């Protein structure tokens with residue numbers, strides 16, 4: 001795929017913003033492999049599909065023949081939280097960072113081509129940097145521009161403390177682009193400011209400034225538009241079991257399905273548009289969703305596992321068609337969780353908890369198609385499934401603690 | 403002098419502010435020699451009396467038996483101006499810094515006791531500091547507190563750029579107190595913020611916080627209350643000739659004389675109060691000023707030179723009593739300077755330049771009591787002297803370029 005326009009279309013798919021497109025076009029036109037940088041946290045990785053949006057984009061660059069640099073920001077990780085305020089951010093040892101890097105590799109090589117991926121650690125250059133070099137680095141940026149960053153701006157205006165080293169971290173991240181001679185840096189939309197710092201620093205150090213490509217933040221699989229994240233319990237981890245993945249992917253609504261296709265599938269946009277036409281012509285959206293789930297489970301497990309998960313899913317729901325349009329209930333169960341019968345009542349599936357106990361006893365209650373026997377079982381925040389009572393009562397239920 | 407109260411009175415003489423006096427009392431009460439820090443610029447020193455206010459205070463601590471550390475901030479000097487904007491701040495080499503240190507020694511040992519003075523360079527610890535240590539150091543202070551510093555506050559509010567490394571310099575200066583285990587840091591009033599940073603950093607690094615003692619800024623010898631500085635051309639350099647020193651010191655007004663006595667003289671306050679009484683009882687202020695000039699010239703040259711300068715001064719003015727109250731004229735002569743006759747006219751001493759030429763020719767014009775022969779000589783900005791035409795016309799003239 002040497003045609004620049006074709007490459008550009010491939011690269012811009014799903015992208016939120018590219019600065020500057022014209023520069024990217026020129027870089028591509030040279031025909032030389034570009035150096036594509038993306039930075040990752042050095043803490044123990046447990047990637048979910050949200051993270052893979054960026055990694056997929058790296059893969060696309062690989063497919064176009066470019067060099068992809070998976071940069072682990074271990075320098076700051078080894079410092080930890082220097083204010084000492086956060087017990088959750090102890091400094092990482094070199095051994096821990098190496099272990100985390102291995103875990104990263106196990107996960108990202110499900111998407112990236114190991115032969116075309118360079119893993120770098122920024123401690124390589126940062127640990128050689130003297131305090132005088134750090135002063136020089138800090139001289140390349142101004143306080144006012146740093147305070148323009150959204151989160152700094154908010155904290156400063158609301159009187160929340162910003163420690164001065166927090167101004168140095170974006171500079172370190174930006175300096176990585178100088179050290180790596182990055183042609184393009186990828187990041188989430190929320191990283192745009194930091195990616196721009198990289199661009200500015202490359203210019204300040206007399207290098208060619210990088211092109212910036214930001215990818216949107218993927219929403220979680222639940223009904224809300226919150227971004228996919230562990231803390232919101234709306235994520236699909238890439239090491240989750242095929243069945244879990246399948247169930248969660250099947251629970252997304254149709255609109256979100258197209259978003260997932262665009263950002264997570266490697267199918268061409270033409271093919272995806274074909275699916276849309278299929279549905280317009282009467283195809284069951286469930287069957288299209290099957291294709292998404294199949295592709296993703298194949299990627300992170302294998303084709304056989306994907307097939308088995310689908311068969312299992314169909315079997316569980318075989319006795320009764322799941323309605324296309326079922327109510328969705330988000331229930332706050334606090335940090336203690338809630339017994340199943342109460343959840344059934346809150347979801348409007350039974351008239352009382354004693355009604356609930358009776359229905360479970362009769363074998364009429366199913367979670368994701370599987371019959372349940374213990375009416376008192378506690379369901380916790382983060383639980384998300386299709387609850388069914390009898391043949392016709394359905395609800396998609398999400399439990400939270402907020 | 404072991405009595406704490408007596409020592410405190412000695413120390414507080416002329417001081418602008420002490421934080422915290424109570425802590426200083428306790429430190430003194432231990433009876434152990436305290437570590438007194440004062441920081442100096444590593445650029446080529448050419449000290450004037452304004453600088454010596456601080457050095458005199460160091461000397462007083464020495465006289466009380468304490469250890470005085472003359473700290474040369476060469477770490478930042480070796481970085482120069484990292485923004486590259488100022489051609490006047492090129493990085494200093496190690497050789498240059500050593501040379502400057504020698505020049506410092508030649509000058510400060512006119513006041514300090516070499517045997518009780520330790521000269522330190524902050525590059526000793528700063529050059530060993532890694533970039534990670536610098537990040538940790540930066541974590542000890544907040545952006546908001548740094549922006550409270552007067553000059554930063556003004557610049558930020560008026561939209562003038564503050565480079566981020568400018569936030570690191572006060573931290574480096576403060577860290578010097580950590581590295582030195584300073585008990586007391588001395589500085590000019592304008593250094594108060596930075597001295598406080600040192601105090602805070604010592605606490606952050608688990609050390610005993612230093613007491614801060616600020617000294618006022620000495621005014622220049624001209625009629626204005628501007629601080630003594632080279633750029634304002636109102637300074638008395640400690641390497642100036644005895645005659646120059648004498649002339650400049652004699653030109654200060656009476657009020658400033660007492661200020662100079664308090665901050666520059668090592669005479670006791672009792673003795674100085676005695677001089678005040680002498681004047682009240684009819685003594686000529688000129689004779690008291692003689693004592694000030696004598697002490698200062700003796701300090702930086704020797705007693706013989708002081709005596710000679712005084713004799714010379716008296717001889718020059720012997721034929722005519724200088725009026726106590728003569729007009730003072732500040733004349734802007736631009737960067738080109740101005741011929742003597744024009745200066746005479748501007749000062750109102752002659753009616754026209756041709757009148758001026760004639761008076762010079764007649765030998766009626768004197769500069770600081772010395773007859774002049776060249777009416778066309780150019781007087782430049784910075785020139786300051788008593789001009790005299792005939793027996794009765796006097797003016798104290800100061801030339802500036804602004």
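Protein chains in written order, with my numbering: chain A, 1 to 402; chain B, 403 to 804.
Just so it is clear, CB atoms sit at the ideal spot from N, CA and C, and this is done for glycine as well.
Fair warning: this is a prediction, and the values are worked out from it, not measured in the lab.
For residue i versus residue j, is the C-beta spacing smaller than 8 angstroms?
| i | j | result |
| --- | --- | --- |
| residue 352 of chain A | residue 345 of chain A | yes |
| residue 417 of chain B | residue 615 of chain B | yes |
| residue 786 of chain B | residue 759 of chain B | no |
| residue 210 of chain A | residue 202 of chain A | yes |
| residue 637 of chain B | residue 622 of chain B | yes |
| residue 143 of chain A | residue 566 of chain B | yes |
| residue 107 of chain A | residue 238 of chain A | yes |
| residue 76 of chain A | residue 169 of chain A | yes |
| residue 531 of chain B | residue 400 of chain A | no |
| residue 599 of chain B | residue 573 of chain B | yes |
| residue 522 of chain B | residue 473 of chain B | yes |
| residue 718 of chain B | residue 770 of chain B | yes |
| residue 694 of chain B | residue 667 of chain B | yes |
| residue 595 of chain B | residue 557 of chain B | no |
| residue 538 of chain B | residue 82 of chain A | yes |
| residue 229 of chain A | residue 73 of chain A | no |
| residue 659 of chain B | residue 690 of chain B | yes |
| residue 602 of chain B | residue 576 of chain B | yes |
| residue 740 of chain B | residue 796 of chain B | no |
What residues in its chain sit with their C-beta under 6 angstroms from that of residue i, if we drop five residues either side in the sequence?
| i | result |
| --- | --- |
| residue 272 of chain A | 261 |
| residue 392 of chain A | none |
| residue 363 of chain A | 371 |
| residue 783 of chain B | 735, 801, 802 and 803 |
| residue 47 of chain A | 107 and 238 |
DSSP has residue i in a bridge; who is on the other side?
| i | result |
| --- | --- |
| residue 171 of chain A | For residue 171 of chain A, which the question treats as bridged, DSSP gives no partner whatsoever. |
| residue 419 of chain B | B/616 |
| residue 227 of chain A | A/219 |
| residue 117 of chain A | A/68 |
| residue 327 of chain A | Its beta-bridge partners do not exist; DSSP assigns none. |
| residue 332 of chain A | A/400 |
| residue 393 of chain A | A/389 |
| residue 442 of chain B | B/474 |
| residue 544 of chain B | A/163 |
| residue 532 of chain B | A/130 |
| residue 48 of chain A | A/237 |
| residue 338 of chain A | A/379 |
Assuming residue i contacts residue j (C-beta within less than 8 angstroms), just tell me the rounded distance between them.
| i | j | result |
| --- | --- | --- |
| residue 469 of chain B | residue 518 of chain B | 7 angstroms |
| residue 458 of chain B | residue 413 of chain B | At roughly 12 angstroms, the Cβ-Cβ gap does not stay under 8 angstroms, so residue 458 of chain B and residue 413 of chain B are not in contact. |
| residue 735 of chain B | residue 781 of chain B | 7 angstroms |
| residue 398 of chain A | residue 330 of chain A | 5 angstroms |
| residue 310 of chain A | residue 294 of chain A | 7 angstroms |
| residue 36 of chain A | residue 186 of chain A | 7 angstroms |
| residue 78 of chain A | residue 91 of chain A | 6 angstroms |
| residue 730 of chain B | residue 688 of chain B | With 8 angstroms as the limit, residue 730 of chain B and residue 688 of chain B do not qualify as a contact, their Cβ atoms being about 16 angstroms apart. |
Whose C-beta lies closer than 8 angstroms to the C-beta of residue i among residues of the same chain, with five residues either side of it excluded?
| i | result |
| --- | --- |
| residue 436 of chain B | 429, 430, 463, 468, 469, 585 and 586 |
| residue 134 of chain A | 168 |
| residue 105 of chain A | 114 and 119 |
| residue 189 of chain A | 16, 17, 214, 215, 216 and 217 |
| residue 454 of chain B | 513, 640 and 666 |
| residue 415 of chain B | 462, 664 and 671 |
Leaving out the 5 sequence neighbours to the left and right, which residues in its chain are closer than 7 angstroms to residue i when beta-carbon positions are compared?
| i | result |
| --- | --- |
| residue 207 of chain A | 178 and 181 |
| residue 152 of chain A | 146 and 162 |
| residue 389 of chain A | 344, 349, 350, 359, 364 and 365 |
| residue 422 of chain B | 613 |
Segment contact flag, the region 599 to 616 of chain B with the region 640 to 658 of chain B, C-beta cutoff 8 angstroms, min 3 pairs: no
TODO: Examine the Cβ distances between the region 623 to 633 of chain B and the region 676 to 687 of chain B and report whether three or more of them are shorter than 8 angstroms.
DONE: no
Original post:
For the 8 angstroms Cβ check, are there 3 or more pairs between the region 568 to 581 of chain B and the region 526 to 544 of chain B?
Top reply: yes
Notebook entry, point to check: Counting Cβ pairs, one atom from each stretch, are 3 or more of them under 8 angstroms apart for the region 29 to 41 of chain A and the region 501 to 512 of chain B?
Noted result: no
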